[in-house]
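Comments concern the structure below.
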Amino acid sequence: MSFRIAVLPGDGIGPEIVEQAVRVLRALDLDLELTEAPVGGAAYAAHGHPLPESTLALARQSDAVLFGAVGDWKYDHLERALRPEQAVLGLRKALGLFANLRPAILYPELANASSLKPEVVAGLDILIVRELTGDIYFGQPRGVRTLEDGPFAGERQGYDTMHYAESEIRRIAHVAFQAAAGRQGRLCSVDKANVLETSQFWRDIMIDVAREYPKVELSHMYVDNAAMQLVREPKAFDVVVTGNLFGDILSDEAAMLTGSIGMLPSASLNASRQGLYEPSHGSAPDIAGQNVANPLATILSAAMMLRYSLDAAPAADRIEAAVQAVLAQGLRTADIHEAGTTRVSTIEMGDAVLKALN
Ligand code: IPM
Ligand code: MN
């Protein structure tokens with residue numbers, strides 16, 4: 001079977017790290033048709049839009065998208081609709097990528113990279129399931145308006161709208177319960193039900209869906225407490241499910257617990273298992289073009305792509321084993337380098353993964 005993959009390198013370190021993941025994919029003897037297209041600031045510079053129609057069309061026709069990263073200070077002055085981030089949001093919405101899976105795994109070899117004590121994080125393995133196409137990110141109405149009455153009458157007011165439809169909550173709940181069922185069987189739903197109506201509704205639906213998964217233990221936590229528990233006792237979590245905004249914040253926090261955000265992949269899936277795969281880190285324009293960025297998160301994202309969208313779990317296993325092997329060999333890019341390990345460049349790390357593939 002042949003698969004079509006849209007390769008969207010983007011900005012900053014995006015092109016360098018995606019190049020290494022593409023080398024790994026090409027080495028697998030799978031029938032993959034890889035087509036590259038511009039996205040983000042690079043696409044704005046070339047075509048006047050961060051998500052050109054041709055790039056979106058390519059993504060739609062593909063089985064999966066391998067995405068680098070977007071964003072650069074150069075584009076911060078642009079109006080919101082033309083900023084690189086709009087490419088990410090546009091792809092998520094256009095492809096209906098509602099389920100964002102963000103694993104936070106601490107590799108034993110990197111236990112000292114965390115800012116938390118090794119005993120608090122050793123063996124950490126959390127999966128954050130973030131709803132990705134709803135919530136205040138996309139809610140209407142939004143904007144700036146002039147108030148007619150009330151205590152701030154006559155002033156301008158910025159506003160956004162948080163809402164979730166029942167089916168949006170149900171479908172992300174199913175993804176999360178199924179993920180938990182395949183792991184340790186514990187699901188923590190994070191909300192702010194003590195304050196927000198949307199959250200109380202979210203909680204009610206989670207409880208309802210839980211009846212279909214008697215083997216999964218569902219708990220609930222307010223988001224402020226979850227932020228605290230993540231640094232206090234992170235290993236108490238197995239799978240976390242939450243809305244778009246809270247998931248954005250908590251997934252950055254969880255990634256940092258591992259101390260090596262350069263290692264963490266992510267997947268964003270729709271109902272037909274079409275997916276967008278990208279590293280959890282950003283475009284890091286400060287180190288772009290220097291051959292120092294860590295390509296492993298992108299290489300591991302390619303592995304997730306094989307597993308979730310292309311039904312090629314054995315190939316995914318091969319990539320993950322190769323990454324384990326290069327870590328065991330002591331090879332480290334600058335972000336995870338420490339005394340006693342060998343510092344390698346982006347390309348050298350790609351070379352090492354290719355060599356370790358078997
Ligand atoms: C992320 C990013 C995006 C988000 C931005 C770039 C729109 O922070 O993928 O977490 O907020 O979802
Ligand atoms: Mn984010």
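For the sequence shown, UniProt numbering begins at 1 and goes up steadily by one.
All C-beta atoms, glycine included, are put in the ideal place defined by N, C-alpha and C.
Note that this is a predicted model, so its numbers are computed, not measured.
Residue i Cβ short of 7 Å to the ligand IPM heavy atom set
| i | result |
| --- | --- |
| D135 | no |
| D248 | yes |
| L51 | no |
| V190 | no |
| L30 | no |
| V88 | yes |
| E79 | no |
| E85 | yes |
Cross-strand partners of residue i (DSSP beta bridge)
| i | result |
| --- | --- |
| Q157 | R145 |
| E278 | S266 |
| N358 | According to DSSP, N358 bridges with nothing at all. |
| F67 | L8 |
| F98 | Answer by DSSP bridge pairing: none, since F98 is not bridged. |
| L132 | Partner(s): none; L132 has no beta bridge. |
| residue 367 | Residue 367 lies beyond the range of the chain shown here (1 to 358); nothing can be said about it. |
| E19 | According to DSSP, E19 bridges with nothing at all. |
| residue 361 | Past the edges of the chain, shown from 1 to 358, lies residue 361, and the structure says nothing about it. |
| L32 | F3 |
| T242 | R130, V190 |
| M331 | Note that residue 331 corresponds to Leu in the displayed sequence, not to Met. Bridge partners of L331: T342. |
Residue j beta carbon less than 8 Å from that of residue i
| i | j | result |
| --- | --- | --- |
| L357 | A322 | yes |
| A111 | A254 | no |
| L187 | V231 | no |
| T341 | G330 | yes |
| A302 | V24 | yes |
| S189 | M206 | yes |
| T298 | V18 | yes |
| L245 | D135 | yes |
| L34 | V7 | yes |
| R183 | D191 | no |
| Q20 | P279 | no |
| F98 | E168 | yes |
| A293 | T258 | no |
| A37 | T55 | yes |
| G41 | D72 | yes |
| S345 | G14 | no |
| L114 | L101 | The identity of residue 114 in the sequence shown is Ser, whereas the question assumes Leu. In this structure, L101 does not lie closer than 8 Å to S114 by Cβ. |
| L95 | A64 | no |
| Q157 | L147 | yes |
| A181 | V216 | yes |
| F3 | D31 | yes |
| E16 | N291 | yes |
| residue 363 | V326 | Beyond the ends of the chain as shown, which are 1 and 358, falls residue 363; an answer cannot be given. |
| F237 | Y213 | no |
| D84 | D149 | According to the sequence provided, residue 84 is Pro. The question's Asp does not apply to it. Contact flag unset, no. |
| L66 | M304 | no |
| A267 | Y308 | yes |
Heavy atom of the ligand MN within 7 Å of residue i beta-carbon
| i | result |
| --- | --- |
| D252 | yes |
Residue i Cβ short of 7 Å to the ligand ZN heavy atom set
| i | result |
| --- | --- |
| I105 | Summarising the ligand content, the structure contains the ligand IPM and the ligand MN and does not contain the ligand ZN. |
Note to self: Would the segment 123-133 count as touching the segment 171-182 if we require 3 or more Cβ pairs under 8 Å?
What the structure shows: yes
Notebook entry, point to check: Hey, is the segment 305-315 in contact with the segment 85-95, meaning 3+ C-beta pairs nearer than 8 Å?
Noted result: no
Margin query: Would the segment 112-125 count as touching the segment 219-236 if we require 3 or more Cβ pairs under 8 Å?
Written below: yes
Notebook entry, point to check: Can you find at least 3 beta carbon pairs, one from the segment 259-279 and one from the segment 198-216, that sit closer than 8 Å?
Noted result: no
Checklist line | Touching by the beta-carbon criterion (3+ pairs, under 8 Å), the segment 267-281 and the segment 147-161 | finding: no
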